[in-house]
Amino acid sequence: MVKKYDVLIVGAGASGIAAAVSAAKSGSKVILIERYGFLGGLATSAWVGTIAGAYYITSSGEIKFANEGFVKTFIEELRSNNGLGEIAYYKDAVYVPYSPIVFKIVCDNFIRSEPNISLMLHSQMVNVKIKKKRINSVNTYTKSGMMEIHGEMFMDCTGDAELSFMAGVPIQKSKKFQYPSKMFIANQVDIKKAKAAGPDKLSKIMINASMLGDLNIPRLTGFFFETGRPGEVIVSMTRITGQDYKRLNLTNIKDLTYGEMEGRQQALICFDLLKKQMPGFESAYLSDIAPQLGIRESRRIKGHYLLNRNDVLSGRTFRDGIAWGVWPIELHTEGGKTDWVPIKNGERYQIPYRCLCPKNIENLLVVGRCISATHEAMGSCRVIGTCLAMGQSAGIIASKLASERLSTFSLNEKDLKNII
Amino acid sequence: MNKEKIQQKVTEILRNMDKGLVCKEPDGSIDPDKSIELDSLNVLKLIVAIENKFDIEVDDGNLTTEVIGSISKITNYILKKISNP
Numbered sequence: 003m004v005k006k007y008d009v010l011i012v013g014a015g016a017s018g019i020a021a022a023v024s025a026a027k028s029g030s031k032v033i034l035i036e037r038y039g040f041l042g043g044l045a046t047s048a049w050v051g052t053i054a055g056a057y058y059i060t061s062s063g064e065i066k067f068a069n070e071g072f073v074k075t076f077i078e079e080l081r082s083n084n085g086l087g088e089i090a091y092y093k094d095a096v097y098v099p100y101s102p103i104v105f106k107i108v109c110d111n112f113i114r115s116e117p118n119i120s121l122m123l124h125s126q127m128v129n130v131k132i133k134k135k136r137i138n139s140v141n142t143y144t145k146s147g148m149m150e151i152h153g154e155m156f157m158d159c160t161g162d163a164e165l166s167f168m169a170g171v172p173i174q175k176s177k178k179f180q181y182p183s184k185m186f187i188a189n190q191v192d193i194k195k196a197k198a199a200g201p202d203k204l205s206k207i208m209i210n211a212s213m214l215g216d217l218n219i220p221r222l223t224g225f226f227f228e229t230g231r232p233g234e235v236i237v238s239m240t241r242i243t244g245q246d247y248k249r250l251n252l253t254n255i256k257d258l259t260y261g262e263m264e265g266r267q268q269a270l271i272c273f274d275l276l277k278k279q280m281p282g283f284e285s286a287y288l289s290d291i292a293p294q295l296g297i298r299e300s301r302r303i304k305g306h307y308l309l310n311r312n313d314v315l316s317g318r319t320f321r322d323g324i325a326w327g328v329w330p331i332e333l334h335t336e337g338g339k340t341d342w343v344p345i346k347n348g349e350r351y352q353i354p355y356r357c358l359c360p361k362n363i364e365n366l367l368v369v370g371r372c373i374s375a376t377h378e379a380m381g382s383c384r385v386i387g388t389c390l391a392m393g394q395s396a397g398i399i400a401s402k403l404a405s406e407r408l409s410t411f412s413l414n415e416k417d418l419k420n421i422i
Numbered sequence: 022m023n024k025e026k027i028q029q030k031v032t033e034i035l036r037n038m039d040k041g042l043v044c045k046e047p048d049g050s051i052d053p054d055k056s057i058e059l060d061s062l063n064v065l066k067l068i069v070a071i072e073n074k075f076d077i078e079v080d081d082g083n084l085t086t087e088v089i090g091s092i093s094k095i096t097n098y099i100l101k102k103i104s105n106p
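Top to bottom, those sequences are chains A and B. The opening residue of the first sequence carries number 3 in the numbering used here; numbering runs sequentially from there. The opening residue of the second sequence carries number 22 in the numbering used here; numbering runs sequentially from there.
Take a look at the structure:
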């Protein structure tokens, strides 16, 4: 079966959803391919728990949206569907917790409201056909059988650079990926009591348990996030490493499988600790464990530009900037701690278009967690709010490139400004 | 418990947390007034260790560099807590 579209997007996480809606609204015929039976990517499969990077604190202390457009619309839709908690702060950064189930429904609503979007769930891309620096089609395994889907422009929103990897795009060799976590949901929590115990109480419990030898996981700080539903919180306490605390390679199937199983075990141990020692959790029950490991980092492409730590921390702007990033560099690292390097208050940095463009394929845009950025820069730009913003801009650009059969290399700064 | 003993235990706690936190002087002694830098995780570790070791409750909100910026400052804080529970 052969189908052809203007814009073909693989991966329906934050960046993929934003890209699909934006490309469709720009007039393109879009196909969105997703391996799971639901949309939202890690927001709904790993229960990230918070939307970070959507807001920032200006130099005058005001909280503002970092990017206009789809991010704002999406968040407002979550709020109007009772899927958003209150805006919260961690050190100098602003985030907002959300309900994964509402996130799923809101994603569905956005896609269903766009007649230009064809959606394929439960569909796994298996290979790519390339001709003269252009992707021609992707072969996708679906319940209906193998499908070859043709497109004019392609977008890799997989988070793991899967489409890029299959297309032979150079991938950064990384000796270190950030540690993943397995989130879980606790219900029947006395949230008021838990919050009254103070923001560091959970971490102190973990440190104490670790000192006593009762908690043997490589993490000493824990958090819980209200989903907006009564008594329900998403808990982040786990940190998954390989045996002997080695970093897992989450694009290696053995490591990934091990990580999923180990993650569930850690979730059980952590919940047990919560129930015994954390105020407010005395009557709580473990409602569920996230279906998928919360992967913070995996493959990243080598694009025309490599966003780096200095770009992020200095609030650098670029002539080809397509989205603003505001989240600190957050790195889950050795020793049980999380490195946290803030951007100066009021500062934002831009993500240049060149970070989305592979060097060897001219009709592919890479968006979200797998763009061309260093390990440290990705510690900032991987978050949901920034991915939504990247997706929006990339979707509009892809639509324009598709309609005029242009290559990603052909756009200059002036063209970009006119497009987005 | 006297001040000297408390100071010894505080030094031990800091060394166990991170050997780099407590440096010996050239003559082999430890300067209890030398400033120590604690990141946020180490502050929490210190609180937990102090609470366990000395059976006191630490008021997180008051932990500025003034209070925990050196071994002797931490020692004085603990002494005060023990004498005024």
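Idealized CB from N, CA, C, for every residue including glycine.
When every heavy atom of the ligand FMN is checked, does at least one fall within less than 7 Å of the C-beta of residue i?
| i | result |
| --- | --- |
| Met157(A) | Absence of the ligand FMN is noted for the structure shown, with no ligands found whatsoever. |
Using CA coordinates, which residue listed in the options is at the minimum distance from residue i?
| i | options | result |
| --- | --- | --- |
| Glu154(A) | Tyr143(A), Glu164(A), Asn138(A) | Asn138(A) |
| Ile324(A) | Asn310(A), Gln352(A), Ala199(A), Phe226(A) | Gln352(A) |
| Val237(A) | Ser205(A), Arg301(A), Leu214(A) | Ser205(A) |
| Asp162(A) | Arg298(A), Phe112(A), Asp216(A), Val96(A) | Arg298(A) |
| Thr410(A) | Lys361(A), Ile193(A), Thr335(A), Tyr100(A) | Lys361(A) |
| Phe167(A) | Asp274(A), Lys304(A), Phe179(A) | Lys304(A) |
| Asp80(B) | Ser104(B), Ile68(B), Glu87(B) | Ile68(B) |
| Asn189(A) | Ser289(A), Leu367(A), Asn118(A), Lys178(A) | Ser289(A) |
| Val140(A) | Ala396(A), Gly51(A), Lys74(A), Lys6(A) | Lys6(A) |
| Ala56(A) | Lys66(A), Ala169(A), Gly233(A) | Lys66(A) |
| Ile89(A) | Gly381(A), Pro99(A), Asn83(A) | Pro99(A) |
| Ile103(B) | Arg36(B), Lys74(B), Ser61(B) | Lys74(B) |
When you compare the CB positions of residue i and residue j, do they come within less than 8 Å of one another, or not?
| i | j | result |
| --- | --- | --- |
| Phe186(A) | Ala269(A) | yes |
| Cys383(A) | Gly327(A) | yes |
| Pro182(A) | Leu250(A) | yes |
| Ser401(A) | Asp8(A) | yes |
| Ile11(A) | Ile33(A) | yes |
| Gly282(A) | Ala199(A) | yes |
| Ala45(A) | Ile291(A) | no |
| Glu349(A) | Arg136(A) | no |
| Gln174(A) | Arg302(A) | yes |
| Ala379(A) | Arg311(A) | yes |
| Ile34(B) | Ile71(B) | yes |
| Thr96(B) | Ile27(B) | yes |
| Ala21(A) | Val369(A) | yes |
| Phe227(A) | Gly15(A) | no |
Kindly say whether residue i, judged by its beta-carbon, lies nearer than 8 Å to any beta-carbon of chain B.
| i | result |
| --- | --- |
| Ser205(A) | yes |
| Thr223(A) | yes |
| Met239(A) | no |
| Asn210(A) | yes |
| Lys339(A) | yes |
| Asp202(A) | yes |
| Met280(A) | no |
| Met213(A) | yes |
Determine the burial state of residue i: buried for a count of at least 16 other Cβ atoms within 10 Å of its Cβ, exposed for fewer.
| i | result |
| --- | --- |
| Tyr247(A) | exposed |
| Asp257(A) | buried |
| Met263(A) | exposed |
| Pro1(A) | The requested residue 1(A) does not occur in the structure, where chain A is confined to residues 3 to 422. |
| Arg241(A) | buried |
| Tyr91(A) | exposed |
| Met22(B) | exposed |
| Ser300(A) | buried |
| Gln245(A) | exposed |
| Gly393(A) | buried |
| Gly43(A) | buried |
| Met157(A) | buried |
| Glu406(A) | exposed |
At a Cβ threshold of 8 Å, is residue i touching chain A?
| i | result |
| --- | --- |
| Ile68(B) | yes |
| Leu35(B) | no |
| Asn42(B) | Before going further, note that residue 42(B) is Leu rather than Asn in the sequence given. Not closer than 8 Å to any Cβ of chain A, the Cβ of Leu42(B) fails to qualify, so no. |
| Asn73(B) | yes |
| Leu84(B) | no |
| Leu59(B) | no |
| Leu100(B) | no |
Let's see if you can read the secondary structure: which residues bound the beta strand (DSSP E) around residue i?
| i | result |
| --- | --- |
| Phe186(A) | 186-189 |
| Thr75(A) | Run containing Thr75(A): none in the beta strand (DSSP E); it sits in the alpha helix (DSSP H), 72-82. |
| Thr144(A) | 136-144 |
| Asp341(A) | 340-343 |
| Ser289(A) | 287-291 |
| Asn129(A) | 126-133 |
What residue does the alpha helix (DSSP H) around residue i start on, and which one ends it?
| i | result |
| --- | --- |
| Met392(A) | 386-405 |
| Val108(A) | 102-114 |
| Met280(A) | Note, Met280(A): premise wrong, no alpha helix (DSSP H); not H, not E. |
| Tyr97(A) | Counting along the chain, Tyr97(A) falls outside any alpha helix (DSSP H), though it belongs to the beta strand (DSSP E) covering 95-99. |
| Ile92(B) | 92-104 |
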